[in-house]
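So the protein lines, in turn, are chains A and B.
For the first sequence, the numbering used here assigns the number 23 to the initial residue and increments by one for each residue that follows.
For the second sequence, the numbering used here assigns the number 6 to the initial residue and increments by one for each residue that follows.
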Amino acid sequence: GESVGLHLPTLSVQEGDNSIINCAYSNSASDYFIWYKQESGKGPQFIIDIRSNMDKRQGQRVTVLLNKTVKHLSLQIAATQPGDSAVYFCAEIHSGTYKYIFGTGTRLKVLA
Amino acid sequence: GAGVSQSPSNKVTEKGKDVELRCDPISGHTALYWYRQSLGQGLEFLIYFQGNSAPDKSGLPSDRFSAERTGGSVSTLTIQRTQQEDSAVYLCASSDRAGTGFGYTFGSGTRLTVV
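Here's what the structure looks like:
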C-alpha cells in the first residue's frame with residue numbers, strides 16, 4: 023500500500039548494523055512513554071515502553087533510553103533487519119490525562 | 006475480538022458525499038480513540054470515548070465530523086459533505102483504560118480518498 027509520511031526524517035542503515043532513532047518529547051510532566059512501529063498499510067504497533075522512574079529498558083533486540091533532563095527518548099535496534107523497515111513514532115503521556123502525544127515519526131530504511 | 010478491527014480498509018468517495026467509518030475495538034476495552042494520519046504528517050487526535058461518552062471531541066476538524074459509540078463497543082466516525090482535504094488514513098485505537106501505563110492497540114486504519 024501507499025507509504026505514510028513521505029516527508030518524514032529518514033534513517034538509512036545497513037542490514038546488521040545497529041539503529042538509533044531519536045525523539046524529543048514536549049512535556050516535562052510526561053511520565054510514561056511508548057515507541058510504536060508502523061509498517062506500510064498498517065496501524066502503529068507497540069514495541070516497547072518505559073516509565074519516567076527508569077532511564078533504560080531492554081526488550082528483544084530493542085532498547086529504549088530516557089533522558090528526562092533534556093526531554094529526550096531514543097530507540098536502539100540491534101542487528102537491524104529488513105523487517106525493521108518502517109516508520110517509528112514515540113508517544114508520551116502524563117498521569118491524570120488520557121491522551122498520548124505522538125511525535126512526527128522517523129522512517130527507518132534497512133539497506134541490504 | 007483479538008484486535009482492533011476497522012472497516013472499510015479503503016474508501017474512495019466523491020466530494021460532497023457522506024462516509025461512515027467503523028471501528029470494532031478489543032472486547033472489554035473501555036477507552037477508544039480516533040486519529041487521523043495525513044501524508045507526511047504525524048497522528049492527529051480527533052476524539053476520545055470512555056464507554057459511550059465522548060469527554061474530548063476537541064480534535065474534530067469541523068462540524069462535518071461526528072462520532073458515536075454504542076454499547077461501549079463499536080464506534081462510527083461520520084464525515085458529511087466530504088472534501089478533498091479529508092483524504093487521509095483514519096486510525097482507531099482502544100485501550101483497557103485511559104492514562105499512564107495503558108498503551109493503545111491500533112487498528113489497521115481506513116484509507117479515505119475523496120475525489
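Where is the CB? At the ideal position from N, CA and C, for every residue including glycine.
Please read all numbers here as calculations on a predicted model, not as lab measurements.
For A:N40, there is no enclosing beta strand (DSSP E), as DSSP marks it with neither H nor E. Nearest CB-CB separation between B:Y95 and chain A: not below the 8 Å threshold. Chain B has a Cβ within less than 8 Å of the Cβ of A:T119. For the segment 69 to 87 of chain B, the beta-carbon criterion of a distance under 8 Å to any beta-carbon of chain A is satisfied by none of its residues.
A contact is defined here as three or more CB-CB pairs under 8 Å, and the segment 19 to 31 of chain B meets this definition with respect to the segment 102 to 117 of chain B. For A:P104, the three-state secondary structure derived from DSSP is helix. The Cβ of A:K64 sits closer than 8 Å to at least one Cβ of chain B. Residues of chain A with a Cβ closer than 8 Å to the Cβ of B:F54 do not exist, since the nearest Cβ in that chain sits about 10 Å away. Listed along chain B are G108 and Y109, each with a C-beta nearer than 9 Å to that of A:I56.
Close to A:D71, with beta-carbon spacing below 7 Å, are these residues of chain B in chain order: G108. A:Y47 has a beta carbon lying at 8 Å or more from every beta carbon in chain B. Of the residues A:A113, A:K64 and A:S107, the one whose Cα lies closest to the Cα of A:Q36 is A:S107. Within the segment 83 to 95 of chain A, no residue has its Cβ closer than 7 Å to any Cβ of chain B.
Contact between B:T35 and B:G77 holds: their C-beta atoms lie close to 7 Å from each other, under 8 Å. From the beta-carbon of B:T18, no residue of chain A is found nearer than 8 Å; the closest lies around 17 Å away.
Of all residues in the segment 29 to 44 of chain B, only A36, Y38, Y40, Q42, S43 and L44 place a beta-carbon less than 9 Å from a beta-carbon of chain A. A check of alpha carbon separations from B:I31 across B:E73, B:A98 and B:V94 identifies B:A98 as the nearest.
If you check the CB distance, B:C28 and B:G112 come in under 8 Å. Spanning the alpha carbons of B:Y53 and A:I69 requires a straight line of approximately 23 Å. Counting along the chain, the unbroken beta strand (DSSP E) around B:T18 starts and ends at N15 to T18. Think of a sphere of 7 Å around the beta carbon of A:G127: the chain B residues whose beta carbon falls inside it are G47, in chain order.
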